[in-house]
Amino acid sequence: MSVIQLENVTKIYTIGEVETRALDGVSLNIEEGEFTALVGPSGSGKTTLLQLIGCLDRPTSGQVVINGKETTKLNRNQRADLRKGTIGFVFQFFALIPTLTAYENVEMPLLLNGQSGAERKKRVMELLEAVDMADRAHHRPDQLSGGEQQRVAVARALSTNPTMILADEPTANLDTENGQQVMDIMAKLNKETGTTFVFATHDPRVIKYARRVVTLVDGLIDANGKGQNAGKTA
Amino acid sequence: MASGKLWTIAYRDLLRNRRRSILTLLAVALGLAMLMMFNGLIAGVWQDALQNSIQLRTGHLQLRAPTYQEKKLSLQWQDLLDNPGGLATRLNQMSEVKAAAPVLWAGSILSTGDESVSLQIFGIDPASPLYDPIRESLVSGDFLTPDDRSGIMIGQPLAASLGVGVGQRVNLALVNADGNAETANFTIRGLFSTGIVSYDESAVFMPLGKAQAFARTGERASAIVVLLHRQDDTDKVAAAIQSQGVATLTWRDSNQFVLQTVETAMGFYVILDGIVMLVVAVIIANTLLMAVFERIREIGILAALGMKGLQIMQMFLFEALILGLAGIVVGFALGSVGVVYLSNVGIPIGAAASVAGSNFAIGSTMYAHYAPGTFMWLSVWTLVFVLLASLYPARFAARQEPVDALRSL
């Protein structure tokens with residue numbers, strides 16, 4: 486079953502009188518449980534594609550269907566509701582809230598979902614243990630290393646049991662060891678929970694984890710052997 | 368989402384930039400403290416002016432002949448009260464009445480030989496508690512006695528300007544009830560100083576009997592002045608003493624000029640209060656706007672996690688509320704200390720300023736008055752201004768598109 490369907494999606498940014506076509510008629514289906522890498526050089530449209538899938542932005546034209554729901558006509562609040570129940574995000578720069586502890590950062594999406602106290606606490610500790618951060622639960626981001634912060638971000642993304650996790654260059658600011666650790670955790674969670682992972686990267690060490698690779702070049706999916714289905718495993 | 372976590376974020380965000388938060392809090396606190404001291408002084412000045420006027424001039428109630436014209440200080444028999452003594456005795460028997468006594472007012476010219484000055488004669492019953500404030504402000508000589516036929520009391524500033532003192536003789540002239548000029552020599556028995564320079568320079572006291580004889584008014588008086596134990600009983604007593612042929616004036620009627628001036632002035636003070644609150648509001652708005660710009664990235668993250676615009680707005684409003692409330696608590700404490708200090712020590716404005724406001728019984732020192740009701744309202748309005756000012760930055764934060772906010776990642 487497709488959890489993500491993009492139909493002829495175009496995104497044009499207009500700055501002054503200059504138009505930049507970030508995506509140019511992209512169509513893409515991603516099935517439940519996939520572990521997909523969006524690859525391509527800088528400016529190829531990877532982040533834009535993730536933002537559209539994540540309902541953080543709306544396409545100029547085309548359709549974005551998430552879990553069977555057409556999202557382009559949704560208003561700001563409807564998109565926020567869809568995000569908090571369906572989509573988890575992991576950003577490049579360990580995007581944690583600096584005033585909250587690791588525990589509180591993971592707890593935040595659960596609070597937004599209105600999950601009750603005891604259940605919430607159990608879930609947060611389970612996730613922190615899953616990313617091996619339980620002993621650092623009450624540390625604030627500035628007391629954690631980059632790798633630790635990104636592990637907390639992964640735990641946070643998973644907290645509401647989302648259908649999919651979208652990760653934008655999740656290892657870009659990590660050293661090899663930490664990058665590998667984060668990818669190992671994501672791959673493991675994908676296998677164990679069946680959560681769909683889509684991540685943008687141009688790091689070959691990360692691409693090797695992907696069971697499917699989608700290559701973007703100049704806002705188009707590269708159909709030259711490295712296209713939509715390239716790298717797809719059985 | 369439990370708003371508890373929004374409070375936590377708001378509180379911790381304020382601690383994150385402590386110096387800025389403290390400076391903003393101080394702006395609120397100092398603004399409120401300033402408003403409290405300013406309003407306390409204004410309340411003190413007006414209240415003192417009114418109470419001084421009631422105590423020294425008008426009393427809480429006055430009974431007069433219906434035709435009496437205060438501005439003319441008329442001595443015509445038809446404008447005066449007949450048998451004021453009997454009426455005053457009945458009034459003094461009422462439990463609400465502290466003191467009631469007849470008084471005869473007359474315009475006069477006092478001459479020392481070298482100089483002369485126009486002033487107002489108060490023919491009084493020296494034994495009445497009505498004149499306790501004058502008795503208490505005696506600075507030299509003796510207070511008048513009812514049977515004194517040639518003694519007067521004048522204010523110390525007047526005596527000083529005329530170069531006369533206790534025991535010296537001065538000449539008083541007036542146009543009596545028959546319309547004829549009348550002069551007589553009097554001996555200064557005592558000097559008083561109420562602190563109200565305009566009053567001390569324009570009043571001369573003599574026993575009622577002597578004043579009546581001097582002005583040829585017989586047993587008549589200009590008015591009966593009534594002082595009550597409680598100002599709130601004014602209307603009740605006024606209603607009880609209504610009688611035909613006598614006009615009853617409350618302290619509101621007698622002090623209309625003061626009250627109307629206060630009412631007009633209050634509009635001006637409200638504008639001044641509003642300006643101070645506006646300045647505080649701009650500081651708060653500026654602080655929050657800086658906080659929003661600094662935290663655009665976090666706003667984007669929270670929005671990506673599913674936080675709605677209203678919740679983001681709430682978070683910034685909570686920050687403003689914490690800053691506002693803390694500022695108000697500190698400001699209220701500072702302002703209270705300031706007002707208490709000003710109510711005890713006061714601000715000297717000098718005799719000239721006091722005389723300049725000769726229509727008001729203002730002393731040469733302004734004292735503040737602790738007005739809890741006014742201060743509570745000022746606090747509430749300060750908080751309202753703070754919250755209104757924070758609406759713009761909070762709304763600005765809430766309207767950020769997540770994708771734009773995250774672009775700074």
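So the sequences go chain by chain: A and B.
Here the numbering used here is used: the first residue of the first sequence is 486, the next is one more, and so on.
Here the numbering used here is used: the first residue of the second sequence is 368, the next is one more, and so on.
C-beta atoms are modelled at their ideal positions from N, C-alpha and C, and glycine is treated no differently.
In three-state terms, what does DSSP make of residue i?
i               : result
Y790 of chain B : The question about residue 790 of chain B has no answer, for chain B in this structure spans 368 to 776.
V592 of chain B : strand
Q490 of chain A : strand
Q713 of chain A : Since pLDDT at Q713 of chain A reaches only 46, below the 50 mark, its modelled position is unreliable, and no value is offered.
T680 of chain A : coil
Y694 of chain A : coil
R431 of chain B : strand
M618 of chain A : coil
D653 of chain A : strand
Y737 of chain B : coil
M461 of chain B : coil
G322 of chain B : It is not possible to answer for residue 322 of chain B, since the shown part of chain B is limited to 368 through 776.
T479 of chain B : coil
P524 of chain B : helix
A580 of chain B : helix
Q666 of chain A : helix
T521 of chain A : strand
G474 of chain B : strand
Q418 of chain B : helix
E611 of chain A : helix
I563 of chain B : coil
A468 of chain B : strand
L581 of chain A : coil
Is residue i close to chain A? Criterion is C-beta to C-beta, closer than 8 Å.
i               : result
L776 of chain B : Residue placement at L776 of chain B is flagged as unreliable, the pLDDT there being 46, under the threshold of 50; the coordinate-derived value follows with that caveat. Yes, because at least one Cβ of chain A sits closer than 8 Å to the Cβ of L776 of chain B.
L655 of chain B : no
L672 of chain B : yes
G398 of chain B : no
I668 of chain B : yes
I376 of chain B : yes
V770 of chain B : yes
L690 of chain B : no
R385 of chain B : no
E665 of chain B : yes
At which residues does the beta strand (DSSP E) containing residue i begin and terminate?
i               : result
G676 of chain B : Here G676 of chain B belongs to no beta strand (DSSP E); instead the alpha helix (DSSP H) covers 676–711.
Q487 of chain B : 483–491
L513 of chain A : 503–516
I716 of chain B : It is not in any beta strand (DSSP E) - I716 of chain B carries neither H nor E in the DSSP assignment.
I551 of chain A : 546–551
Starting from residue i, trace the alpha helix (DSSP H) in both directions and tell me its first and last residue.
i               : result
V591 of chain A : 587–597
K603 of chain B : 601–607
L655 of chain B : 623–661
A544 of chain B : It is not in any alpha helix (DSSP H) - A544 of chain B carries neither H nor E in the DSSP assignment.
I376 of chain B : 370–383
G631 of chain A : 631–643
D509 of chain B : Note, D509 of chain B: premise wrong, no alpha helix (DSSP H); not H, not E.
V533 of chain B : That residue, V533 of chain B, is in no alpha helix (DSSP H); it is neither H nor E in DSSP.
P574 of chain B : Here P574 of chain B belongs to no alpha helix (DSSP H); instead the beta strand (DSSP E) covers 570–574.
N562 of chain A : 561–571
D771 of chain B : 769–773
Using a Cβ-Cβ distance cut-off of 8 Å, determine whether residue i contacts chain B.
i               : result
M593 of chain A : yes
A522 of chain A : no
Q713 of chain A : Confidence at Q713 of chain A is low in this model, with a pLDDT of 46, below 50, so the placement of that residue should be treated as unreliable; the coordinate-derived value is given next. Answer no: the Cβ-Cβ gap between Q713 of chain A and chain B never drops below 8 Å.
N562 of chain A : yes
D617 of chain A : no
F574 of chain A : yes
Q536 of chain A : yes
R636 of chain A : no
Give the C-beta separation of residue i and residue j to the nearest angstrom, bearing in mind that I take them to be a contact with Cβ-Cβ under 8 Å.
i               : j               : result
H587 of chain A : R621 of chain A : The identity of residue 587 of chain A in the sequence shown is Ala, whereas the question assumes His. Going by Cβ atoms, the distance from A587 of chain A to R621 of chain A rounds to 6 Å, so yes, they are a contact pair.
T532 of chain A : M649 of chain A : Their Cβ separation, rounded to whole angstroms, is 16 Å, which puts T532 of chain A and M649 of chain A out of contact at 8 Å.
D449 of chain B : R587 of chain B : 6 Å
I651 of chain B : L690 of chain B : 7 Å
V549 of chain A : L585 of chain A : Not a contact, Cβ separation roughly 30 Å.
L399 of chain B : I695 of chain B : 6 Å
I521 of chain B : V571 of chain B : 5 Å
L534 of chain A : L508 of chain A : 6 Å
F683 of chain B : V659 of chain B : 7 Å
The region 733–746 of chain B in contact with the region 755–775 of chain B per 3-pair CB rule at 8 Å: These segments do not touch.
Would you check if the region 603–620 of chain A and the region 635–643 of chain A touch, i.e. whether three or more CB-CB distances between them fall below 8 Å? Under the 8 Å Cβ criterion, the region 635–643 of chain A counts as touching the region 603–620 of chain A, having at least three qualifying pairs.
Using 8 Å as the threshold, is the region 593–607 of chain B in touch with the region 403–413 of chain B, meaning 3 or more CB pairs across them? At 8 Å Cβ cutoff, the stretches do not touch.
Mind the definition here: the region 492–507 of chain B touches the region 452–470 of chain B only if three or more C-beta pairs lie below 8 Å; say whether that holds. Counting C-beta pairs closer than 8 Å gives three or more between the region 492–507 of chain B and the region 452–470 of chain B, which meets the contact rule.
Tell me whether the region 375–387 of chain B and the region 633–647 of chain B touch, counting them as touching only if at least three CB pairs, one residue from each stretch, are closer than 8 Å. Between the region 375–387 of chain B and the region 633–647 of chain B, the count of C-beta pairs closer than 8 Å stays below three; the two stretches do not touch.
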